Amino acid sequence: MAMDAHFDADNLKFCSPVINVKQFLEDAYEEQRSMEAKLGLISVKNTENDEAEGSSEDDDVRNRFKEFLKNKNVYGDQEESVTAAEQVIERIDRGTEQMFNSTPLTDYPFTGYVHNTEFAVHKEQEHRREYAEKHNRKFLNSVFRRRLKYAFYEPSELERDYCLGKRPMKDILVTVHIMRPSNKWHSKGDRVRPVKAEYKYVVRGETTLHELRDKFICSADFCTMVPDHEDATESSVYHVEQYPSNFLFIHDTFYLDMRKPNAKDIAQVVREFMHRNKPEFGVTHVADMEGVKIKDLVFRLGFPYNYTHQGSCEHLFQFTDLRLMNAQDEERIFDYPFKVFDISKIPKCAACKMNTPAFVVQNSDRLPDTLMLMCNVCFKTFHYENDKPVGKFNAYHYFCPQ
Ligand SMILES: [Zn+2]
Ligand SMILES: [Zn+2]
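The sequence shown lines up with residues 59 to 460 when you count with my numbering.
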């Protein structure tokens, strides 16, 4: 339950019901196999005693076509029938492959509109087409395109290879949206901008939570308390080494990352708070992230979950697009989490706006903000004269993670 009652999750339009991923995999795979059997794409006996991975000879529609011609003895001789079937199969396979390779889908940008329809999406498209024609076509390429689901996806995710007779693995894929941090404290009347994804990763059911957690990159991990005039070349002085405790909170469970010897359970205070307010949050659980995979999770699609590190630095994330793997998906587990979307901005020096920052400058009496990132050159030029500090300031070494 956890945050479900607090947000009234059952009545939120953008949330799915609670999904047990392992159960989803079994149910969806079973449904897919039974659909394929009904369509004659696989043999019925294969659906009954199905192995998790790997193609079966019986599953290939080509073999079944060969068998069909052989049994019917179409060419008067069984051997000749098989040869004829093989020739047909080869011709179709070669032709289809040539067609896919010579006319990739990316050569055909979206141009069509559906008219006279009741669907809201089509009506919206029609409305936008009229608007674009009336004003200028740039509208289509900017605002409209930006709102499309795959507008900023990596091209590699949208281009797929043509897979000849390949059986997909029995596993799920789900997209994880890591949201852009928002540190603004909204006051009443402010226009609240929607929280947007900064990164999107596709993960497999076999992907571990450690692998997912390592995709959360935050500058809070790469600060130090080493002043600018001291040496900070040792990695042990950075916060990521000094305070490695972190957790992922998914549905009703706090998954702790205890890989580092000095990691602690920083979720305990949150659990105690939730325990004191049990009617609102229900029972919560705690588990070590070690060995836990995506397929072991229970979650709602579209619901915000939380990654917390450095004490109280919180990052929202959500799961969407849960589906079975298909033949075109990458199978190698080490390719996951697979980045499909990235609109992150690399931090730049606040002065020159060009170089990578190397110092966090605090409480400087000559800078407009209480905290600013500066590159080595700008910092030294602005705050030192003949190796002597100018004005009052506190500056600490910083390592840019991107
Ligand atoms: Zn953070
Ligand atoms: Zn600079």
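All residues carry an ideal CB built from backbone N, CA and C; glycine is no exception.
Quantities reported herein were computed from a predicted structural model and do not represent experimental measurements.
- If you check the C-beta of ASN444 against ligand 2, you find no heavy atom less than 6 Å away.
- By the neighbour-count criterion, in which a residue is buried when 16 or more other Cβ atoms sit within 10 angstroms of its Cβ, CYS281 is buried.
- Ligand 2 never approaches ALA416 closely enough for any of its heavy atoms to be under 6 Å from the residue's Cβ.
- Here DSSP, grouped into helix, strand and coil, assigns ASP62 to helix.
- The bridge partners DSSP lists for PHE280 come to none.
- Annotation: VAL234 is outside any alpha helix (DSSP H); the continuous beta strand (DSSP E) that includes it extends over 230 to 237.
- PRO426 and ALA385 have their C-alpha atoms spaced approximately 55 Å apart.
- Around the beta-carbon of GLN376, 16 or more other beta-carbon atoms lie within 10 Å, marking it buried.
- Excluding the 5 residues flanking it on each side, ASP279 has same chain C-beta neighbours closer than 8 Å at TYR296, HIS297, VAL298, HIS367, GLN368, PRO459, in chain order.
- Here SER92 is exposed. Its C-beta has fewer than 16 other C-beta atoms within 10 Å.
- Remark: the shortest separation between the CB of CYS281 and any heavy atom of ligand 1 does not fall under 6 Å.
- The C-alpha of ASP346 is placed about 11 Å away from the C-alpha of LYS322.
- By DSSP's assignment, GLU288 forms no beta bridge with any residue.
- Burial is judged here by how many other beta carbons sit within 10 angstroms of a residue's own beta carbon; TYR208 has fewer than 16 and is exposed.
- Distance from the CA of VAL232 to the CA of LYS353, rounded to the nearest whole angstrom, comes to 10 Å.
- Boundaries of the alpha helix (DSSP H) around HIS180: 178 to 192.
- Counting only beta-carbon distances shorter than 7 Å to the non-hydrogen atoms of ligand 2, the qualifying residues in chain order are CYS407, ALA409, CYS410, MET412, ASN413, MET432, CYS433, VAL435, CYS436.
- Under the three-pair Cβ rule at 8 Å, the region 349 to 364 counts as touching the region 264 to 274.
- Three or more beta-carbon pairs separated by less than 8 Å are not found between the region 438 to 453 and the region 397 to 406, which leaves the two stretches without contact.
- Counting C-beta pairs with one atom in each stretch, the region 225 to 244 and the region 79 to 98 have three or more that are closer than 8 Å, which means they touch.
- For CYS276, the distance from the CB to the nearest heavy atom of ligand 1 is below 6 Å.
- Linking PHE123 to PHE396 through their CA atoms gives a straight-line distance of about 37 Å.
- Annotation for GLU144: no residue places its beta carbon closer than 6 Å to its own, counting only its chain and skipping 5 residues before and after.
- For CYS371, the distance from the CB to the nearest heavy atom of ligand 1 is below 6 Å.
- LYS181 and LEU359 have their C-alpha atoms spaced approximately 27 Å apart.
- Rounded to the nearest whole angstrom, the C-alpha separation of ARG205 and THR175 is 21 Å.
- An exposed status is given to ASP272, since fewer than 16 other beta-carbon atoms sit within 10 Å of its beta-carbon.
- Taking 7 Å as the cut-off, the Cβ atoms of CYS410 and CYS371 do not count as close.
- Here ARG218 has GLN386 as same chain residues with Cβ atoms under 6 Å from its own Cβ, once five neighbours each way along the sequence are excluded.
- Here PHE357 is actually not in contact with HIS64; their C-beta atoms are around 16 Å apart, not less than 8 Å.
- Membership of GLN300 in the alpha helix (DSSP H) is indicated by the continuous run 297 to 300.
- The C-beta separation of LYS130 from VAL140 comes to about 11 Å, leaving the pair out of contact by the 8 Å criterion.
- The three-state reading of DSSP puts TYR87 in helix, counting H, G and I together.
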